[in-house]
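Chains A and B, in that order, give the protein sequences. If you count by UniProt numbering, then the first sequence holds residues 1 to 186, one letter each, in order. If you count by UniProt numbering, then the second sequence holds residues 1 to 186, one letter each, in order. Structure record follows, encoded as structure tokens.
There are 2 protein chains.
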Amino acid sequence: MIESEHQPVKGPRKRKGLLIVNTGNGKGKTTAALGMVLRAWGRGMPVEVYQFIKPPTANFGEHRAAKRLGIPVYPLGDGFTWKSKDPERTKALALEQWDRARARLIDPDLAVLVLDEFTYPMHYGWLDPAGVVAALQGRRPMLHVVVTGRYAPPELVEAADLVTEMTLIKHPYREQGIKAQPGVEF
Amino acid sequence: MIESEHQPVKGPRKRKGLLIVNTGNGKGKTTAALGMVLRAWGRGMPVEVYQFIKPPTANFGEHRAAKRLGIPVYPLGDGFTWKSKDPERTKALALEQWDRARARLIDPDLAVLVLDEFTYPMHYGWLDPAGVVAALQGRRPMLHVVVTGRYAPPELVEAADLVTEMTLIKHPYREQGIKAQPGVEF
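Below is the structure:
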């Protein structure tokens, strides 16, 4: 049998909630988190998704799917980070979203919590990574947390159980006049 | 606005079906493909998934979810590649699966076709990558195809519109006696 991460691993039977980080400049960070959401949903595990950049009006494929599946997806951002015209508001939205999300860390009924693009509020200095890590480490032990976004801070990487870097090997079609494609890219 | 791959890109409006490859030794290759499946499903786009290694009895999170969503997922493998006790049968299963999958390349009603772990039959020499690429390039122009697996052959990478490498940065918990976790890993 090939050594595949997609097959159940034989061996120790211990379970714990994982802290998973999908980072890097490539594609697939949020998308892989959505795949985990789908898997968990398929197993009947309660999942919630908090998005830190996308505005509440976002209605991408994942939002439409989540609505149909009954999975709570909460976007609360204004689509901006460092290029915001109102940085204080952008920061305030991120802090408000983190307050909401961190309250979920101890819910006994939640199995998977996705913090989408959550690296940016740390990267831009709005949230202290050490404080975030402390909160994440204080979560209910069986809760899986998935954090996505570029520039994952070292403290988060250090605390994580699994860190994957998505690297863009080839992405030529942007230069060919091809726009982002609904259904696969968003 | 941050340069995010998850937001619609302004600019050229041309559309085409993309050939997307998720490769590398890290996690998230199949998982990101599942995220695309979820997005496409959310937009009402017909999706089918052909799995080349997982056996027909596989009932992981993605299979359970797909069944509930009405997304066809066809596993046809015996869980083995080069360690197979019956290499001829393993190879025959892969060829049979490719015959089935390639027939879907021209279906006008299909929007997204996922070929999960399809790199392995090429890597192990059961399928000629040049022939596979020719078949993929002959697909219906608007069809998106997503190929996952390690060791993506150069011909496939060359032909692809988007190639992402998933790299394992950190994965310590296997050594801590933590087993693969249902719902997020499979």
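No residue lacks a Cβ here, since even glycine has one placed at the ideal position from N, Cα and C. Just so you know, these numbers come straight off a predicted model, no measurement behind them.
Beta carbons nearer than 7 Å to chain B: which residues of the stretch 131 to 144 of chain A have them?
When CB distances to chain B are screened at a threshold of 7 Å, the residues of the stretch 131 to 144 of chain A falling below it are H144, in chain order.
Contact set between W41/B and chain A, taken where Cβ atoms lie within less than 7 Å:
Taking the second sequence and counting its residues from 1, one reaches residue 41/B at position 41. In chain order: A65.
Going by the CB atoms, is the gap between L162/B and residue 262/A shorter than 7 Å?
There is simply no residue 262/A to check, as chain A begins at 1 and stops at 186 in what is shown.
Excluding the 5 residues flanking A32/A on each side, which residues of the same chain have their C-beta closer than 7 Å to its C-beta?
If you number the first sequence from 1, residue 32/A lands on position 32. Taking A32/A as the centre and dropping the five residues before and after it, the same chain places the C-beta of N22 closer than 7 Å to its C-beta, in chain order.
Answer with yes or no whether the minimum CB distance from residue 193/A to chain B is below 7 Å.
What the structure shows of chain A is the stretch from 1 to 186, and residue 193/A is not part of that stretch, so it cannot be assessed.
For Y74/B, report the span of its alpha helix (DSSP H) as first-last.
As a position in the second sequence, residue 74/B is number 74, starting the count at 1. For Y74/B, there is no enclosing alpha helix (DSSP H); the enclosing beta strand (DSSP E) has its first and last residue at V73 to P75.
Would you check if the distance between the CB atom of M122/B and the CB atom of P141/B is smaller than 7 Å?
On the second sequence, position 122 is the one that residue 122/B refers to. On the second sequence, position 141 is the one that residue 141/B refers to. In this structure, P141/B does not lie closer than 7 Å to M122/B by Cβ.
Return the CA-CA distance between V145/A and R104/A, expressed in angstroms with no decimal places.
Here residue 145/A is taken as the residue at index 145 of the first sequence, counted from 1. Here residue 104/A is taken as the residue at index 104 of the first sequence, counted from 1. Each residue's CA atom was taken as its position, placing V145/A and R104/A some 11 Å apart.
Going along the stretch 158 to 174 of chain A in order, which residues come within less than 8 Å of chain B, judged by CB to CB distance?
So the close ones are A160, D161, L162, V163, T164, E165, M166, T167, L168, I169, K170, H171, P172, Y173 and R174.
Just to confirm, is the Cβ distance from P129/A to L156/A under 7 Å?
On the first sequence, position 129 is the one that residue 129/A refers to. On the first sequence, position 156 is the one that residue 156/A refers to. It is a contact, given that the beta carbons lie within the stated cut-off.
Using the Cβ count rule (16 or more neighbours within 10 Å means buried), how would you classify residue 188/A?
Residue coverage of chain A in this structure runs from 1 to 186, which leaves residue 188/A outside it and unanswerable.
Classify K14/B as buried or exposed, calling it buried when 16 or more other Cβ atoms lie within 10 Å of its own Cβ.
Locating residue 14/B in the second sequence gives position 14, counting from the first residue. With fewer than 16 other CB atoms across the displayed protein chains lying within 10 angstroms of its CB, K14/B is exposed.
What residues match up with L19/B in a beta bridge as DSSP calls it?
What you label residue 19/B is simply residue 19 of the second sequence in a count that begins at 1. Answer is V145/B, bridged to L19/B.
Residues in its own chain within less than 7 Å of P55/A by CB, not counting five upstream and five downstream?
Translated into the one-based positions of the first sequence, residue 55/A becomes position 55. These residues qualify, in order along the chain: P75, G77, D78 and G79.
Identify whether I53/A lies in helix, strand or coil by the three-state DSSP scheme.
Indexing the first sequence from 1 puts residue 53/A at position 53. Coil, per DSSP.
Return the first residue and the last residue of the alpha helix (DSSP H) that K67/B is part of.
Along the second sequence, one-based indexing puts residue 67/B at 67. That run of the alpha helix (DSSP H) goes G61 to L69.
Determine the burial state of I106/B: buried for a count of at least 16 other Cβ atoms within 10 Å of its Cβ, exposed for fewer.
As a working note, residue 106/B is residue 106 in the second sequence. In summary, I106/B is exposed, with fewer than 16 beta-carbon neighbours lying within 10 Å of its beta-carbon over all protein chains present.
Within a Cβ cutoff of 7 Å, which residues of the same chain sit near L93/A, ignoring the five residues on either side of it in sequence?
Residue 93/A sits at position 93 when you count from the first residue of the first sequence. Cβ neighbours of L93/A beyond the five flanking positions: L76, G77 and D78.
Could you check the C-alpha separation between Q137/B and D99/A for me, to the nearest Å?
Reading the second sequence from its first residue, position 137 is the one you call residue 137/B. Reading the first sequence from its first residue, position 99 is the one you call residue 99/A. Approximately 48 Å between the Cα atoms of the pair.
Would you tell me roughly how many angstroms separate the C-alpha atoms of R64/B and A58/B, rounded to the nearest one?
Within the second sequence, residue 64/B is the residue found at index 64, counting from 1. Within the second sequence, residue 58/B is the residue found at index 58, counting from 1. Taking the straight line from one Cα to the other gives about 10 Å.
Inspect the beta-carbon positions of F186/A and V147/A and report whether they are closer than 7 Å.
For the purposes of this step, residue 186/A is taken as the residue at position 186 of the first sequence. For the purposes of this step, residue 147/A is taken as the residue at position 147 of the first sequence. Their beta carbons are not under 7 Å apart, which means F186/A does not touch V147/A by this criterion.
Which residue wins for smallest C-alpha separation from D116/B, given the options W41/B, L143/B and Q97/B?
Translated into positions along the second sequence, residue 116/B becomes position 116. Nearest of W41/B, L143/B and Q97/B to D116/B, Cα basis: Q97/B.
I need the straight-line Cα distance from P108/B to V132/B, nearest angstrom please.
Taking the first residue of the second sequence as 1, we reach residue 108/B at position 108. Taking the first residue of the second sequence as 1, we reach residue 132/B at position 132. Looking at the backbone, the Cα of P108/B and that of V132/B are separated by about 20 Å.
Starting from R68/B, find everything on chain A with Cβ-Cβ shorter than 7 Å and list it in chain order.
Stepping through the second sequence from its first residue, residue 68/B is reached at position 68. Simply G42.
When Cβ atoms are compared, which residues of the stretch 94 to 122 of chain B fall closer than 8 Å to chain A?
Residues passing the 8 Å Cβ filter: A111, V112, E117 and Y120.
A40/A and V112/A closer than 7 Å at C-beta
Along the first sequence, read from residue 1 onward, the residue named residue 40/A stands at position 40. Along the first sequence, read from residue 1 onward, the residue named residue 112/A stands at position 112. Judged by beta-carbon spacing, V112/A lies within the 7 Å limit of A40/A, meaning their Cβ atoms are closer than that value.
Where the beta strand (DSSP E) through K170/A begins and ends
The count along the first sequence starts at 1 and reaches residue 170/A at position 170. Run containing K170/A: L162 to K170, per the beta strand (DSSP E) assignment.
According to DSSP, is V184/B helix, strand or coil?
Start at 1 with the first residue of the second sequence, and residue 184/B comes out as number 184. Looking at V184/B - three-state DSSP - the assignment turns out to be coil, as it is neither helix nor strand.
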